[in-house]
Amino acid sequence: MQIIYVLAGVKPAVRFGISEKYFKYLRKTFGALGLFVMKSNFYVRDQITCRGAKYTYSRSFSPVSKDPQIFVYVSKDKALCLTLRESEMHNDDISFGKLLGYPECCVEHFASHRYTKPGDFFISTLHEQECSSFSFLNNFALCIFDIKILCHYPCSPDCARSLKLAGMYLKVLRSRFSAYAAFLKRQLKSMIICTRSGSLVYSNKYSKRGQKIVFDEINGQMGDPLFKMVSGNEFVNIGRNGVKVGNKTLKDANTKIILYE
Ligand SMILES: [Zn+2]
827 MQIIYVLAGV
837 KPAVRFGISE
847 KYFKYLRKTF
857 GALGLFVMKS
867 NFYVRDQITC
877 RGAKYTYSRS
887 FSPVSKDPQI
897 FVYVSKDKAL
907 CLTLRESEMH
917 NDDISFGKLL
927 GYPECCVEHF
937 ASHRYTKPGD
947 FFISTLHEQE
957 CSSFSFLNNF
967 ALCIFDIKIL
977 CHYPCSPDCA
987 RSLKLAGMYL
997 KVLRSRFSAY
1007 AAFLKRQLKS
1017 MIICTRSGSL
1027 VYSNKYSKRG
1037 QKIVFDEING
1047 QMGDPLFKMV
1057 SGNEFVNIGR
1067 NGVKVGNKTL
1077 KDANTKIILY
1087 E
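So for the sequence shown, this note's numbering puts the first residue at 827; every next one is plus one.
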């Protein structure tokens, strides 16, 4: 999807991990589309793991396995690929994020916070209200299900620069893959319940009736304790003492409900 944005000229570059054995093929395929592909000058060691909102990996300057992993930088601009590579080598997160086209406010917010638990990012970027509603365009909470329009974590759910970007991205998707764009919009218009400990469930068939939110179905990851607890119910209540699912109050005091509309 990010490649589509780059091809359409609404995103300057993209970086992602691949097996080095695919590099030649990727360079040929993307080259035919007018894109430059450059590989990182290090190997990515260990599986990339998501710690909170950040991905961590370690580097090696010689292949450590039979199937070494690398990062690739893809852009219409060869010089930009080079700058990205250098910027990543020097751990310059802020320049790196800006070069990828992320808004300055989001890059700086992301770089200045250390999120160690999966739920940290969403909780700390939300407003203090018990229940808040925002535009579906900025919904990045469902990135764990690979449902997103944006390519970065917005610094807040109502970040104006992210909204503008997401609007441009959606326009590109609509013009090329209208059914997929409509699917994303339907999914992203959702009620999300998340906790600081990292549980997250969502429903895109819900209605708000005062402090009560009624839903027809709930989606989440198997084994998630919040998913287990919410899936047997049809509504949640938001009160002064926190969020109640059926008759039970959710123990995590940082439980938040966000409505993306
Ligand atoms: Zn922002």
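All C-beta atoms in this analysis are idealised placements derived from N, C-alpha and C, irrespective of residue type, glycine included.
Cβ neighbours of Ile973 within its own chain (closer than 6 Å, five residues either side excluded): Gln1013. Annotated three-state conformation of Gln895 is strand, per DSSP. Note on Glu914: 16 or more other CB atoms within 10 angstroms of its CB, so buried under the neighbour-count rule. Looking at the DSSP output, Ser1023 bridges to nothing. Each of Lys902, Asp1050, Cys1020 was checked against the Cα of Val1069, and the nearest Cα belongs to Cys1020. Taking 8 Å as the upper bound for CB-CB distance, Lys1038 and Asn1063 are in contact here, some 5 Å apart. Rounded to whole angstroms, the Cβ separation of Tyr979 and Phe966 is 5 Å, and the two are in contact under 8 Å. Residue Gly1058 holds the alpha-carbon nearest to the alpha-carbon of Lys1074 among Gly1058, Tyr1086, Asp1042. With fewer than 16 other Cβ atoms from the protein chains shown falling within 10 Å of its own Cβ, Met1048 counts as exposed. With distances taken between CA atoms, Ala839 lies nearest to Asp903 out of Lys997, Arg853, Asp903, Phe887. Per the coordinates, the alpha-carbon of Leu1076 lies some 40 Å from the alpha-carbon of Val998.
For Gly923, the enclosing alpha helix (DSSP H) has its first and last residue at 919-925.
In the three-state reduction of the DSSP assignment, Phe842 falls in the strand class. A residue is called buried when at least 16 other Cβ atoms come within 10 angstroms of its Cβ; Pro889 does not meet this threshold and is exposed.
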